[in-house]
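K.L.:
Quick note on my numbering: the sequence shown kicks off at 21 and runs consecutively.
From the three backbone atoms N, C-alpha and C, an ideal C-beta is built for every residue, glycine too.
As the structure is a prediction and not an experimental result, all values here were calculated from the model.
I have a structure here, written as structure tokens, and I will follow up with some questions on it.
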Amino acid sequence: MTLELFFGTTNPGKLRELGRLVADLPVRVVTPEALSRPLPEVVEDGETFQANAEKKAAAWARWAGLFAVADDSGLCVDALAGAPGVYSARWSELAPTPALASPACALAEAGGAELATAPSVRAEIEGRPARDGRNNDLLLRELAGVPDARRGAEYRAVLSLARPDGEILASVTGVCRGRIGHLRRGGHGFGYDPLFLPEGVAPGSDGPRTMAELEAAEKDAISHRGEAFRRLLPILAALARAP
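Shown next, in the form of structure tokens:
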């Protein structure tokens, strides 16, 4: 049996990562574009990554009528008491204040209705690189003068799997520890990857490598999303084997 699995994201980097991670399973990946319908936007007003991932997975599973996986992920910086946390994707669009920081990486965001009209996929994708750049600018400003010993950070990802009726089957977490560098390097990643120096990676000729300097296989092996997906794979495999 081939399991049809909806990935509820328009982020091309995440789609590539998640697609690679299920390549060896009897799974047919269904993307928002494949359904030829605008992906409804789920207001991410949860106080944790898990709350947001489960809300998105349930809403998108019901909308698509398929098993659905959604992720919520972000960067948690030790010196910023866990910020930007759940605000990671939109951090530069908000006014950073101490109230946004949380040691548990559980930042709250004002909410609204569960489903709202989403912007076009094209507009969202075209705006993402610029937003990533602004987020990285803000991170460098916030850590200006902070020594390497205090620039520890972690990427955290939660993947949630929902049945077509919206029931949550599982939520799994992956973490990648590292620290924040002083300069952007690399062109393979997205988000904060050009500044994030992951632990346990062989250095390059110029010293420690950022997440954005890693090849796809290297990143999958150590990334937060890769770790979370490896924890989800047995559940997906069981679903694919079910009659």
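Tell me the residue span of the alpha helix (DSSP H) that contains Ala241.
P.N.:
Position 221 of the sequence shown holds residue 241. That run of the alpha helix (DSSP H) goes 236 to 242.
K.L.:
Let me check one thing: in DSSP terms, what residues is Val97 bridge-paired to?
P.N.:
Stepping through the sequence shown from its first residue, residue 97 is reached at position 77. For Val97, which the question treats as bridged, DSSP gives the partners Ala173.
K.L.:
Measuring straight from C-alpha to C-alpha, what distance separates Leu114 and Leu217?
P.N.:
Sequence index remark: in the sequence shown, residue 114 carries index 94 (1-based). Sequence index remark: in the sequence shown, residue 217 carries index 197 (1-based). Looking at the two C-alpha atoms, the distance is approximately 25 Å.
K.L.:
Taking Cβ positions, are Glu247 and Gly194 nearer each other than 8 Å?
P.N.:
If you number the sequence shown from 1, residue 247 lands on position 227. If you number the sequence shown from 1, residue 194 lands on position 174. In contact: Glu247 and Gly194 (Cβ atoms closer than 8 Å).
K.L.:
Can you tell me whether Leu252 is buried or exposed, with buried defined as 16 or more other CB within 10 angstroms of its CB?
P.N.:
Working through the sequence shown from its first residue, we reach residue 252 at position 232. Its Cβ being crowded by 16 or more others within 10 Å, Leu252 is buried.
K.L.:
With a threshold of 6 Å on Cβ separation, who are the neighbours of Ala88 within its own chain once the five nearest residues in sequence on each side are excluded?
P.N.:
Here the question's residue 88 lines up with position 68 in the sequence shown. If we look at Ala88 and ignore the five residues flanking it on each side, its Cβ neighbours are Phe26, Gly28, Ala77, Trp80, Ala81, Ala182.
K.L.:
Using only alpha-carbon positions, find the residue among His202, Ile242, Pro223 that is nearest to Arg176.
P.N.:
Walking along the sequence shown from the start, residue 176 turns up at place 156. Among His202, Ile242, Pro223, the Cα nearest to that of Arg176 is on Ile242.
K.L.:
Is Pro167 helix, strand or coil by DSSP?
P.N.:
Position 147 of the sequence shown, counting from 1, holds the residue named residue 167. Correct three-state label for Pro167: coil.
K.L.:
Which residues mark the beginning and the end of the beta strand (DSSP E) in which Pro218 is found?
P.N.:
What you label residue 218 is simply residue 198 of the sequence shown in a count that begins at 1. First-last of the beta strand (DSSP E) with Pro218: 216 to 218.
K.L.:
Ordered along the chain, which non-local residues of its own chain (more than five positions away) have a Cβ less than 7 Å from that of Pro214?
P.N.:
Here residue 214 corresponds to residue number 194 of the sequence shown, with the count starting at 1. Around Pro214: Asn156, Arg204, Arg205, Gly206, Thr230, Ala232.
K.L.:
Helix, strand or coil for Ala262? Go by DSSP, reduced to three states.
P.N.:
Translated into the one-based positions of the sequence shown, residue 262 becomes position 242. Reduced to three states, the DSSP call for Ala262 is coil.
K.L.:
Going by DSSP, what residues sit across from Pro104 in a beta bridge?
P.N.:
Numbered from its first residue, the sequence shown carries residue 104 at position 84. Pro104 pairs with Cys96.
K.L.:
Roughly how many angstroms separate the alpha carbons of Glu53 and Pro184, rounded to a whole number?
P.N.:
By one-based count along the sequence shown, residue 53 stands at place 33. By one-based count along the sequence shown, residue 184 stands at place 164. C-alpha separation (whole angstroms): 18 Å.
K.L.:
Hey, quick one: how far does the alpha helix (DSSP H) through Glu74 stretch, first residue to last?
P.N.:
Along the sequence shown, one-based indexing puts residue 74 at 54. Here the alpha helix (DSSP H) through Glu74 covers 69 to 84.
K.L.:
Taking the alpha-carbon of Ser108 as reference, which of Leu189, Glu64, Leu86, Ala84 has the nearest alpha-carbon?
P.N.:
Position 88 of the sequence shown, counted from the start, is the residue given in the question as residue 108. Ser108 has its Cα closest to that of Glu64, out of Leu189, Glu64, Leu86, Ala84.
K.L.:
For Ala99 versus Leu163, is the C-beta spacing smaller than 8 Å?
P.N.:
Position 79 of the sequence shown holds residue 99. Position 143 of the sequence shown holds residue 163. Against a cut-off of 8 Å, the Cβ pair of Leu163 and Ala99 comes out as a contact.
K.L.:
For Ala150, which of Leu45, Ser93, Arg110 has the nearest alpha-carbon?
P.N.:
The residue labelled residue 150 in the question sits at position 130 within the sequence shown. Minimum Cα distance to Ala150 is reached at Arg110.
K.L.:
Starting from Ala190 and walking both ways along the beta strand (DSSP E), at which residues does that stretch end?
P.N.:
Here residue 190 refers to the residue found at position 170 when the sequence shown is read from its first residue. Here the beta strand (DSSP E) through Ala190 covers 188 to 200.
K.L.:
Can you name, in chain order, every residue of its own chain whose Cβ lies under 6 Å from the Cβ of Asn72, other than the five neighbours on each side?
P.N.:
Translated into the one-based positions of the sequence shown, residue 72 becomes position 52. So the list reads Glu64, Gly66, Asp92, once near-sequence residues are dropped.
K.L.:
If you run the structure through DSSP and keep just helix, strand and coil, what is Gly227?
P.N.:
Taking the first residue of the sequence shown as 1, we reach residue 227 at position 207. Reduced to three states, the DSSP call for Gly227 is strand.
K.L.:
Counting only the same chain and skipping the five closest in sequence on each side, list residues whose C-beta sits under 6 Å from that of Gly186.
P.N.:
Reading the sequence shown from its first residue, position 166 is the one you call residue 186. Contacts found: Ala78, Ala81, Arg82.
K.L.:
With C-beta atoms as the reference, is Phe237 less than 8 Å away from Val47?
P.N.:
Here residue 237 corresponds to residue number 217 of the sequence shown, with the count starting at 1. Here residue 47 corresponds to residue number 27 of the sequence shown, with the count starting at 1. The amino acid at residue 237 is misidentified as Phe; the sequence shows Ala. Contact flag unset, no.
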